[in-house]
Amino acid sequence: MGRWVGLLGLLAALALGGCRPLDLGEWRLEGEPGEALWLELLLPKGLEGAEVHLQGPQGLVVPGWVGPGGLGYRLELLGPGKRGLVLWVGEGVAPGAYPLRLFLHRGGRAVAEGRLVLTVSPPIPKGDADWRPVAPNLYRVVFQGGFFLALGDEGALLTSPDGRRWTPRTLPTRAKLFGAAWGGRWVAVGQDGVLLLSEDGVGWQQVPSPTSDWLYGVAYGGGRFVAGGTGARLWVSEEGVAWRPVPLPEPGLTLQALVWAPGGFVAVGLQGAVLRSPDGLAWERAPTGTSGHLRDVAFTPLGHVAVGDGGLVLLSNGREWRSRRVGEEDLVGVAYGEGLLLAVGAKGGVYASPDGVLWSPLPPLPVALSGVAYGHRRFVAVGYAGAILTSP
Numbered sequence: 001m002g003r004w005v006g007l008l009g010l011l012a013a014l015a016l017g018g019c020r021p022l023d024l025g026e027w028r029l030e031g032e033p034g035e036a037l038w039l040e041l042l043l044p045k046g047l048e049g050a051e052v053h054l055q056g057p058q059g060l061v062v063p064g065w066v067g068p069g070g071l072g073y074r075l076e077l078l079g080p081g082k083r084g085l086v087l088w089v090g091e092g093v094a095p096g097a098y099p100l101r102l103f104l105h106r107g108g109r110a111v112a113e114g115r116l117v118l119t120v121s122p123p124i125p126k127g128d129a130d131w132r133p134v135a136p137n138l139y140r141v142v143f144q145g146g147f148f149l150a151l152g153d154e155g156a157l158l159t160s161p162d163g164r165r166w167t168p169r170t171l172p173t174r175a176k177l178f179g180a181a182w183g184g185r186w187v188a189v190g191q192d193g194v195l196l197l198s199e200d201g202v203g204w205q206q207v208p209s210p211t212s213d214w215l216y217g218v219a220y221g222g223g224r225f226v227a228g229g230t231g232a233r234l235w236v237s238e239e240g241v242a243w244r245p246v247p248l249p250e251p252g253l254t255l256q257a258l259v260w261a262p263g264g265f266v267a268v269g270l271q272g273a274v275l276r277s278p279d280g281l282a283w284e285r286a287p288t289g290t291s292g293h294l295r296d297v298a299f300t301p302l303g304h305v306a307v308g309d310g311g312l313v314l315l316s317n318g319r320e321w322r323s324r325r326v327g328e329e330d331l332v333g334v335a336y337g338e339g340l341l342l343a344v345g346a347k348g349g350v351y352a353s354p355d356g357v358l359w360s361p362l363p364p365l366p367v368a369l370s371g372v373a374y375g376h377r378r379f380v381a382v383g384y385a386g387a388i389l390t391s392p
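Heads up: the sequence shown at position 179 corresponds to 179 in UniProt numbering, and the numbers run straight through without jumps.
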């Protein structure tokens, strides 16, 4: 079992100079015996070529794997000024707190240092018991209106101000929920056309739905909500209460996700479907040259990025769509934040890119993922059995 604990975890503005190493502060990591923890180090300007060293509890350098009873680490070069630190916790490591130190060396001397406090928890007994998930699967996470919202099975809906502290909300339905959008109020959509409305994300009411189509996505922009899924139509509403149908440009399309950005709406779906509309009312299909299923779409300063099955990635510059492959895993979610694209896979894969063209695989997560969002300077991923992971 691994844990995602540190993407974008070393954002420090360093003033170089002086004879004492600069203090990078302290990080606290938690793990269990047998886990691998991940920390991405973004080296500050002027220290891009610095060597990274880790010291153990007795001040001894811990290079590589040192056996099942100890700690170990590996450094990966991710790009200019970027290092990936994989920290292993051996199966035989006793529970407790382990003080570690991270040093940046340049020219034979330490120019910066930070403290890592690793807390090892007792392992969970495996035994012969029949283990089953006690939390519902989560299918989508969004960051809008200043906070995170995660949705899933059995009417599961949770909110968080920071991606770490989550509060389950009581809903008037047990339907599967697949999407949510903020437009002065919240609208959530899901199974059998269920429509939910909230003014604050805390109290929710179900509103009459004009359809039994499954609604997989919803977006807000230009003064209206637009929802879509199965069926031969989209649904639009200015206030989230009364909805009216809008025909699709082609019959038989199943849409999976929608996004609004300056210029209008984009919807993606199965069989390579990419639809665009300036206002949510008149839609056209964009040529993509692919029939692969698309699962999510995000907007970046460089254009739209859609991801889908078999590692499919589609990039748009506003005029045309180009396709590429990132591995073979089905990609189910994509988010953009502070110059970084992050895509997550159905088997726990995590992939990062500065531009949607060049992608780097990160250490995979130990859960099946279904969505990712960015807000408050962190990425949040959700998945099956109620999994919620944050970085940093």
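The C-beta atom is built at its ideal place from N, Cα and C for all residues, glycine as well.
Following the DSSP letters along the chain, one finds Ser316 inside the beta strand (DSSP E) bounded by residues 312 to 316.
Per DSSP, the continuous beta strand (DSSP E) segment holding His53 begins and ends at 51 to 55. Pairing Leu341 with Gly84 gives a Cβ-Cβ distance that is not under 9 Å. Taking 9 Å as the cut-off, the beta carbon of Leu255 is found closer than this to the beta carbon of Ala273.
Taken through DSSP and simplified to helix, strand or coil, Glu154 comes out as helix. A residue is called buried when at least 16 other Cβ atoms come within 10 angstroms of its Cβ; Leu358 does not meet this threshold and is exposed. Between Pro161 and Phe147, the beta carbon gap of about 5 Å places them in contact (Cβ cut-off 8 Å). The C-beta distance from Ser391 to Leu138 rounds to 16 Å, too long to meet the 8 Å contact threshold.
Here the C-alpha atom of Arg319 lies approximately 24 Å from the C-alpha atom of Ala227. Pro247 and Val382 have their alpha carbons spaced roughly 32 Å apart. Residue pairing for Glu30: DSSP places it in a beta bridge opposite Thr119. Just measuring C-alpha positions, the residue of Gly96, Val111, His53, His105 sitting nearest Val86 is His53. Assignment of Ala346 by DSSP, reduced to helix, strand and coil, places it in the coil class. In its chain, beyond the 5 residues on either side, Ala298, Thr300 have a beta carbon closer than 6 Å to the beta carbon of Tyr336. The Cβ atoms of Pro366 and Gly349 do not sit closer than 9 Å to each other. Within the DSSP secondary-structure output, Ala97 pairs in a beta bridge with Thr119. Straight-line spacing of the CA atoms in Leu39 and Gly303 works out to 29 Å. With fewer than 16 neighbouring CB atoms inside 10 Å of its own CB, Val202 falls in the exposed class. Residue pairing of Pro245 in beta bridges, as defined by DSSP: Trp235. Within its own chain, the residues whose Cβ lies closer than 7 Å to the Cβ of Glu238, once the five positions on either side in sequence are excluded, are Gly223, Arg224, listed in chain order.
Beta-bridge partners of Thr300 (DSSP): Gly303. Distance from the CA of Gly289 to the CA of Val307, rounded to the nearest whole angstrom, comes to 14 Å.
The three-state secondary structure of Leu104, taken from DSSP, is strand. Counting only residues of its own chain and dropping the five nearest sequence neighbours on each side, Glu328 has a CB closer than 8 Å to the CB of Gly310, Gly311. By the CB criterion at 9 Å, Pro122 and Pro99 fall outside the cutoff.
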